[in-house]
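Step one of this worksheet: look at the structure below.
In this note's numbering, the protein residues as written are 6 to 372.
Okay, here's the thing in structure tokens:
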């Protein structure tokens, strides 16, 4: 059996470089395994042999092995070609089988931020022009890729950028932006965000343009985005803490829709903030295989945490109610735990995090 679906234009020789540093295939091609698990295995785990056959690929071929590795590198699946079963991750499910509008786009940004070199490259050029090919290759070589692989990796960066919306065409050329894309603004012509990026890329811009389009610094205000689930008392307790220390914040549910879908409103609101606080409470009750009760948070908070990690990096605070089952994608993140009805008692811990994020500062009195 031959590989009939190999992504020739974006396949690169391994050269002993782990795919966790830079995948062999593009994200669009690498999601084939995740899609196969949804389409042919009802979203459940499957044997590598069965999955390869469902994709009309040889389970012993290099193409299949590379595809398995790329899928793992992007965080779409767990388990390589030599394991008993390949499992779909929550991130992979959100990309190939989203349940809310915009959920897949947020997840795709998460996926391309997982491979180390890919994340470093996009982060280096965030809100800047995409570099010329020779410059981009030199940057990738400096990161550690052999030159032949770096040349092919550049094509993957471009493909992933176009597929996820991270690379956008503007009047002055292609711009890299890790902010969440917004179809509604693009449909109306040049978006405010693109205008800001154009201005930052064009250092010879006129003063007239500067007065018409806000600069990036005026757009990035020191506000904290607050995400929460169905349990409202913890939100009220947090608001009291933030108000006490005069920390500006935004809560999506308290903002008018203005004719926008909820997902669009949340995305727009997150872009006005520079950090986030995410409250995970026991909102959804499930039973596992043993009949034990499992409490999960509202999915919107999980999605928003994924978007926040892309937008703000480590500038996030997680408040986790005791007993809530945390998503596996974020299980390694630190958090402040609280009991039901006791979030207000965690004020000092939250204050310490706010100080670390430089939202609160202390000034010694004059003597």
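No residue lacks a Cβ here, since even glycine has one placed at the ideal position from N, Cα and C.
| Asked | Found |
| --- | --- |
| Per DSSP, cross-strand counterpart(s) of residue 70 | Note: residue 70 sits in no beta bridge, so no partner. |
| Cβ-Cβ separation, residue 183 to residue 114 (assumed contact under 8 Å), whole Å | 7 Å |
| Residue from 87, 304, 296, 276 with nearest C-alpha to residue 315 | 276 |
| Residue 231 burial status per 10 Å Cβ neighbour count (16 or more: buried) | buried |
| Distance, residue 107 Cα to residue 283 Cα | 19 Å |
| Validate contact between the segment 70-90 and the segment 279-297 using beta carbons, cut 8 Å, 3 pairs | no |
| Terminal residues of the alpha helix (DSSP H) in which residue 251 lies | Premise fails: residue 251 is in no alpha helix (DSSP H) and is neither H nor E. |
| Within 8 Å, strictly: CB atoms of residue 326 and residue 285 | yes |
| Residue 238 burial status per 10 Å Cβ neighbour count (16 or more: buried) | exposed |
| Of the listed residues 352, 22, 103, nearest to residue 145 (C-alpha basis) | 22 |
| DSSP three-state assignment for residue 208, whether helix, strand or coil | The pLDDT assigned to residue 208 is 31, lower than 50, so where the model puts this residue is not dependable, and the model offers no usable value. |
| Cross-strand partners of residue 342 (DSSP beta bridge) | 325 |
| Three-state secondary structure (DSSP) of residue 283 | strand |
| Nearest residue (CA-CA) to residue 228, options 53, 133, 256, 245 | 256 |
| Identified DSSP bridge partners for residue 382 | The question about residue 382 has no answer, for the chain in this structure spans 6 to 372. |
| Beta-carbon gap between residue 58 and residue 91 smaller than 8 Å | no |
| Per DSSP, the bridge partner or partners of residue 140 | Answer is none; residue 140 lacks a bridge partner. |
| Contact under 8 Å by Cβ, residue 149 with residue 168 | no |
| Proximity below 8 Å, CB of residue 68 to CB of residue 62 | yes |
| C-alpha gap between residue 132 and residue 294, whole angstroms | 47 Å |
| Contained alpha helix (DSSP H) runs [length at least 4] in the segment 75-113, N- to C-terminal order | 95-101 |
| Any chain C beta carbon closer than 8 Å to residue 29 | Within the model displayed, chain C is absent; a lone protein chain is all it includes. |
| Nearest residue (CA-CA) to residue 157, options 322, 28, 118 | 28 |
| C-beta contact flag for residue 234 and residue 288 at 8 Å | yes |
| Start and end residues, beta strand (DSSP E) containing residue 179 | 178-181 |
| Whether residue 361 touches residue 111 by CB criterion (8 Å) | no |
| Residues near residue 119 in its chain [Cβ-Cβ closer than 7 Å; skip 5 each side] | 78, 79, 80 |
| Cβ neighbours of residue 85 in the same chain (closer than 7 Å, five flanking residues each side left out) | 73, 74, 77 |
| Residue environment, residue 318, which counts as buried when at least 16 other CB atoms sit within 10 Å | exposed |
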